[in-house]
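Chains as they are written, first to last, in our numbering: chain C, 8 to 265; chain B, 638 to 796. Positions of the beta carbon are idealized from the N, C-alpha and C atoms, including for glycine. Owing to the predicted nature of the structure, the values given are computational and were not obtained by experimental measurement. Down below is the structure, laid out as structure tokens.
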């Protein structure tokens, strides 16, 4: 029994001794890719985590990064998938790589403000944050952000046909993050010659009163069409100006009938 | 005899556990550097007011268990009232405003090799032409391993 125990002990310890001290390098050094946490981005001016930003402002971006092999670079990419630029707009395909010395550390707090151009289509954009460490391991996180117009119109309801002598019903919702300054309505015709008893009708009015300063308002006005206005097609132009001087134009047509 | 063997056994087990140390342990640095402005001479202190055109010495103490590598000073406006100061002091902020010509300062510096403690001393003149208002003043320090520590205070630039 004693011998058995001794033998068992010897075998067990030899085994333990030989196996337990394996060299870590056998399988190559164990390295972990960078870890990105608390990634937040959104409207710059409030440092909020809501995922939207206005054209012409900036996107606040912040993330905690832990890279045991030391950060080499941090790249931000922003692009859209299904947005078609309108008139005077261009695609926004943003990419910037940050290699500043104060980011090339093990534990970094990434904090940048990315300027949003004013001349890009509004809509949903895709954000990708990529961190590469000094060994080439990389980690990325992604998200979506809505780029909004500073001023937008919604639920537009304007009469298409109106009898002269009555009025045009005009109604729409306005969203203006900087506050509404005024709304201009301009109605005029092109190439209509007044006949006997008719007077050329060229309407322009600036509305401020109950709308000024609001960030969200329902525009609801009735515009009288003189009984003497020539019949035909008129051009309606609505301009909303915000308190920072940005404007939004909306155009439509209306038929004035007898 | 049986009891003795038990002790020997125990001894071997202990050896098995203790002998296999990770070689890296002795060299591995998992301690971050330390940065502080909380001493006489540390500048700026939370809520400090800096006058345009004046020259200031920005001072902070940095130290590390192994070796310091670099540090940075970052001053940027806080007209939008964002937060990342860690001094726990609430300074009275001006109203929100749009930046026009804000003061921006961001510079990285290298620490002479072999240092484990050092006093940052950056001489900086606040330009006359910058926007007055709320600013953040953020220091960071990085050690040779790559660990970073940061500290940030609210300051004001005044006329």
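At a cut-off of 7 Å between C-beta atoms, residue 690 of chain B does not count as an interface residue with respect to chain C.
Among the residues of chain B, those whose CB is under 9 Å from the CB of residue 109 of chain C are 707, 708, 709, 711, 743, 745, 777, 779, 785 and 787, following chain order. Shown in chain order are the members of the stretch 112-125 of chain C whose Cβ falls below 8 Å from a Cβ of chain B: 112, 113, 114, 115, 116 and 118. For residue 676 of chain B, the three-state secondary structure derived from DSSP is coil.
What residue 77 of chain C touches in chain B, judged by beta-carbon distance under 7 Å, is 783, going in chain order. Counting along the chain, the unbroken beta strand (DSSP E) around residue 212 of chain C starts and ends at 210-214. Residue C:115 holds the alpha-carbon nearest to the alpha-carbon of residue 76 of chain C among C:197, C:259 and C:115. Residue 68 of chain C: member of the beta strand (DSSP E) spanning 65-73, first to last residue.
Annotation for residue 153 of chain C: the continuous beta strand (DSSP E) segment containing it runs 145-155. Annotated three-state conformation of residue 645 of chain B is helix, per DSSP.
Per DSSP, reduced to three states, the secondary structure at residue 60 of chain C is strand. Shortest Cα-Cα distance from residue 187 of chain C to any of C:225, C:139 and C:121 involves C:225.
Between residue 41 of chain C and residue 74 of chain C, the C-beta gap is smaller than 7 Å, which places the two residues in contact. Annotation for residue 65 of chain C: 51, 120, 121, 122 and 123 place their beta carbon closer than 7 Å to its own, counting only its chain and skipping 5 residues before and after. One alpha carbon belongs to residue 223 of chain C, the other to residue 246 of chain C, and they sit about 15 Å apart. Closest option to residue 746 of chain B, judged by alpha-carbon separation, among B:694, B:696, B:706 and B:691: B:706.
Within the stretch 150-208 of chain C, the complete beta strand (DSSP E) segments at least 3 residues long are 158-165, 168-170, 174-183 and 187-196, listed from N- to C-terminus.
Taking the CA atoms as reference points, residue 708 of chain B sits about 7 Å from residue 776 of chain B. Within its own chain, the residues whose Cβ lies closer than 8 Å to the Cβ of residue 703 of chain B, once the five positions on either side in sequence are excluded, are 666, 668, 753, 780, 781 and 782, listed in chain order. At a cut-off of 3 residues, the continuous stretches assigned as beta strand (DSSP E) that sit fully inside the stretch 759-795 of chain B are 770-780 and 785-795.
Taking C-alpha positions only, residue 794 of chain B is separated from residue 49 of chain C by approximately 27 Å. For residue 45 of chain C, the three-state secondary structure derived from DSSP is strand. By the neighbour-count criterion, in which 16 or more other beta carbons inside 10 Å mark a residue as buried, residue 235 of chain C falls on the exposed side. The residue from B:647, B:757 and B:741 with its alpha-carbon nearest to that of residue 768 of chain B is B:741. In the three-state scheme derived from DSSP, where H, G and I count as helix and E and B as strand, residue 736 of chain B is classed as coil. For residue 178 of chain C, the closest C-alpha among the options C:150, C:163, C:215 and C:214 is that of C:163. Boundaries of the beta strand (DSSP E) around residue 103 of chain C: 101-105.
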